[in-house]
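Following: one structure in C-alpha cells, then a few remarks.
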Amino acid sequence: MQFLNPYMLLTLGIIPVLIIIHTLKPKPRQVDVTNLFLWDTVLRERSYNLSFERFKNNLPLILQILIVILAALALANPTRTYLTAKKGNMILVIDTSASMKTKAGTGIRFDLARQKALQLVEERDQGQQVLIVEAGRQPFVKTGFTNNADQAQAQVKKLRPSDAPADLEPAIYLALSFVDSAQEDLLYLITDGAGKDLSDLVKSHPKIRPIIISGGEHNVGITKFEFRQNVALGDQYQFMLEIKNFDLSPIECSIRLSIDRSVLLERVISFEAQEKQVMIIPYSGLINGIARATLEIEDDFAVDNQAYLSLNAAKEIWVLLVSKGNLFLEKLLAAYPNFRVNSVKEIIPSSWSEQTARHDIVIVDRMDFPETDRGNFLLIDAYSPSIPLFKTGRVRLPEILAWNRKNPLMANVNLSGLVVEESTKLQTDRQLQPVIESARTGLMYAFEENGLRAVLLGFDFTRSDLPLKVAFPVMMSNIFNWLNPYKLEFSILQTQAGEAFDIYFNPQTDIIYTRAPYEKWDKHPVKMNPFRYSNTGTVGIYTIAENGKERYFTVNLADESESDINSISLEHRTEQIERPSDSAQIAAQQPLWMLLIIMGCALLMIEWYSWLKLRR
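Residue 9 is where the sequence shown starts when you use our numbering, and the numbers rise one by one after that.
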C-alpha cells in the first residue's frame with residue numbers, strides 16, 4: 009500500500025483529544041448507604057460482568073477513535089499497486105476517399121475497411137475507449153472517446169466513401185493529437201494506401217498501426233477534361249482529354265465525347281501498361297450544354313470513367329454603377345450583352361456592404377465610399393479607407409511617361425498621346441507600383457488583397473481624350489476581365505470533387521436551390537454573393553435553381569494519384585489486427601479511499617446507535 013498524501017496522517021492527533029475529552033466527562037460520586045449493604049453480595053456474584061459493562065460504556069469512544077483512523081487514512085489517499093496487462097485507448101482513422109470505392113470481391117474496398125473497423129471495436133479490451141476519425145477531403149471527428157461498443161459501431165456503419173480524393177496526413181495528425189503518450193494508446197489507420205506517400209509519417213510515429221485494404225487492380229481513368237479557346241483561331245475551341253491506363257498490362261478502351269445528345273467523338277484507343285495519352289478534339293459551334301467524356305469499359309474503379317463540363321456562353325455579370333452621370337461609361341457598359349447594370353446616384357453607408365456583396369463588379373465614379381472588406385471595384389477618382397491610396401493634391405496636365413505593358417490590364421493598349429486635364433496626386437503606404445505613370449504621380453493602380461480587388465484611375469476620364477481613343481474599350485475590357493470572376497467569352501462551371509464551388513446569383517435573390525446527383529433539392533438562404541456550396545462529394549452534374557430558372561455546374565474527380573488504385577504508399581501491409589501482448593504487464597494503482605469512507609460511515613452509524621442505547 010502507498011499513501012499519495014501522507015501528511016494527512018497527522019489528523020490522527022485528534023485521537024488523544026478525544027480520550028482527554030472522554031476522561032473529563034463528569035462522573036457521579038459513589039456514596040455508601042445502609043440499604044445498599046444487602047446488594048453487595050449480589051454485586052460480588054456479578055463481578056465477572058463488570059469488564060463487559062466497562063467496554064459497553066466506552067464503546068462510543070472506541071468507535072470514534074476508529075472513525076478518526078479511517079478518516080485520516082482516507083485523506084492520505086492510499087493506493088494498492090498491482091500488475092495488469094497494458095491497456096490504452098483506440099483511435100480509428102478510416103479512409104473515405106474515392107479509391108475506397110474500388111471493387112474488391114463481391115463489394116468494394118470500403119466494405120472491407122468497415123469490417124476491419126467493426127472487428128477492432130468488437131475485440132477491444134474491456135474498458136478500452138474508442139475514438140473515430142473520418143479521413144475524407146477534410147478530417148472529421150465522428151465521435152469522442154467512448155467505451156460504448158454499440159455507439160462506436162453505429163458511427164462506423166454510418167460512414168460512406170465519397171467521390172473526392174482525401175488528404176490523409178491532416179487526418180492522421182488530428183488523430184495523433186488525441187493519443188496519450190503516457191498510455192498505450194494505438195492509432196489504427198485503415199486505408200488502401202492510394203495517393204500520397206505516408207511511409208515516413210508512419211515510421212516516425214510508432215503508435216500508428218496501418219491496416220492496408222487491398223482488392224481490385226484494373227483501372228483506366230480520365231485524369232483531365234478541359235475546354236479552351238484556340239489561340240490561333242478565336243472562333244474555334246478545343247476539348248482536352250487526358251486518359252491514363254493504371255493497369256500493369258496493355259488494354260483497349262472505347263472513348264465517347266458528346267455535348268448533350270450530339271456525339272463529337274467515338275473511338276477505340278489502345279494503351280500500353282501505365283501509359284498516358286492526351287487527346288485534343290477541335291470544336292466549333294454553340295457553347296452551351298453539358299459535355300460528357302465517357303470510357304466505355306468495365307474496370308475496378310468506375311468513378312473516373314466519366315467526366316463532365318458545363319459549357320456556358322457569356323454569363324450574366326451584375327454591375328453596380330455608382331455615378332451622378334457618365335455618358336461614356338454608360339454607353340460602354342451597354343455594349344456588353346451579358347452585363348446587368350444597377351445604377352445609383354448616391355451611396356447609403358448603412359446598406360453599402362449588402363449592395364456590394366450582391367454584385368460581381370462595383371464601379372464608383374468620383375465618390376468616396378465606406379470601408380469594405382471584399383469585392384471587385386473599378387474606381388474612377390474614388391477613394392476608400394480600404395484602398396491604400398490617398399489624395400495629397402492635384403496635378404495639372406500630367407504627362408504620361410510609361411505604362412506597364414506586361415500587366416494584363418494593359419494588354420494590347422497604346423496610350424501614346426493621351427491628354428489628361430487634371431489628375432489627383434496619389435500616395436500609397438504599400439509597395440504598389442503604378443500601372444500608368446506620369447512624371448509627378450501614378451495615374452492608375454491595381455490592388456488585390458484578401459478577397460478585395462480594385463483598379464483605381466486617379467483622374468476623371470471625361471476630362472481627358474481617353475474615351476475617344478481606340479485604347480479605351482480595350483483597356484476597359486482588360487479591367488473587366490481582371491475583375492470579373494468569369495471570362496467574358498464563355499465560362500466552364502466545374503470543380504474538383506470535395507472542393508467548394510462559388511455560386512453567383514442575381515442581387516435581388518434571397519433564396520437559391522441546389523440538387524446534387526441522385527439527391528433531393530436543398531434550400532439555401534443567401535446573403536453573400538457568391539454563395540459557397542460545399543456538398544460536392546459526388547462526381548456528376550449539379551443543378552442550381554434561381555427564380556424559376558435552372559443552370560448547372562459539374563464535379564469531376566480529376567486526380568491522378570487517387571485513380572492509381574495499385575499504388576501503395578505504405579511499406580508494410582498489415583493484414584492481421586495487431587493488439588498489445590497479453591504477457592506485457594505494467595504496474596497500476598487502485599485507490600482505496602472510497603472503501604475507507606464507506607467503512608467510516610458504517611462505524612458512524614454504529615456509534616450513533618450505541619449512544620442512543622446508552623441514553624435509555
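Heads up, the beta-carbon is just placed ideally off N, CA and C, and yes, glycines get one too.
Fair warning: this is a prediction, and the values are worked out from it, not measured in the lab.
Local conformation of residue i per DSSP, three classes
i    : result
Q363 : helix
P258 : coil
V428 : strand
H226 : coil
T313 : For clarity, residue 313 is Asn in the given sequence; the question names Thr instead. It is helical.
H213 : coil
Y15  : helix
R471 : helix
D2   : Absent from the structure is residue 2, since the part of the chain shown begins at 9 and ends at 624.
G297 : strand
L78  : helix
Q598 : strand
T503 : strand
T546 : coil
M287 : strand
D103 : strand
M452 : strand
G144 : coil
G152 : strand
Residue i Cβ short of 8 Å to the ligand HEM heavy atom set
i   : result
R88 : The model depicted lacks the ligand HEM and carries no ligand whatsoever.
Contacting residues, own chain, Cβ-Cβ under 7 Å from residue i (five flanking each side not counted)
i    : result
K414 : none
N227 : F254, D255, D307, D308, F309, S571 and I573
E554 : F513, N514, T517 and I520
D468 : R374, I388 and D389
E324 : N346 and R348
P475 : F336 and F469
Check whether residue i and residue j have beta carbons under 9 Å apart
i    : j    : result
M375 : K332 : yes
S446 : I487 : no
S266 : A315 : no
W529 : P416 : no
Q516 : T562 : no
W326 : N296 : no
S318 : I500 : yes
Q435 : L397 : yes
L249 : I230 : yes
D193 : M98  : yes
V2   : L195 : No answer is possible for residue 2: it lies beyond the span of the chain, which begins at 9 and ends at 624.
L423 : K477 : yes
Q237 : P290 : no
L167 : L197 : no
I7   : I576 : As shown, the chain starts at 9 and ends at 624. That puts residue 7 outside it, with no answer to give.
T551 : R523 : yes
F186 : F148 : no
T449 : V482 : no
Spatial neighbours of residue i in its chain, beta-carbon cut-off 6 Å, leaving aside the 5 residues before and after
i    : result
I519 : P533
I371 : L329 and L386
M452 : V443, I444 and L465
D473 : V427
T199 : D103
I27  : none
Q191 : G96
T400 : K433 and Q435
V471 : Note on identity: in this sequence residue 471 is Arg, with Val being the wrong assignment. Contacts found: E429.
D567 : P173
W601 : A82 and N85
CA nearest to the CA of residue i, picked from the options
i    : options                   : result
T104 : A454, W601 and A143       : A143
A343 : E225, G425, V311 and S485 : S485
V76  : A419, V101 and G21        : G21
I288 : A301, V478 and E280       : A301
A172 : S569, A183 and I23        : S569
Q363 : A419, N313, P538 and V149 : P538
S257 : Q244, A202 and A281       : A281
K284 : K109, C261, R269 and E274 : C261
N320 : G293, L340 and E338       : G293
F2   : S170, P378 and V286       : The displayed coordinates of the chain run from 9 to 624. Any statement about residue 2 would go beyond what the structure contains.
S12  : Y550, L74, N66 and N85    : What sits at residue 12 in the sequence shown is Leu, not Ser. Residue N85 is the option with its Cα nearest to L12.
S278 : V25, I259 and R264        : I259
L32  : M9, L17 and L69           : L69
Own chain partners of residue i with C-beta closer than 8 Å, once the 5 adjacent residues on each side are dropped
i    : result
N155 : G135, Q136, Q137 and V138
M536 : A365
K204 : D175, L176, E177, S569 and S577
TODO: May I ask you to verify whether the segment 208-217 touches the segment 542-559, counting CB pairs closer than 8 Å and requiring at least 3?
DONE: no
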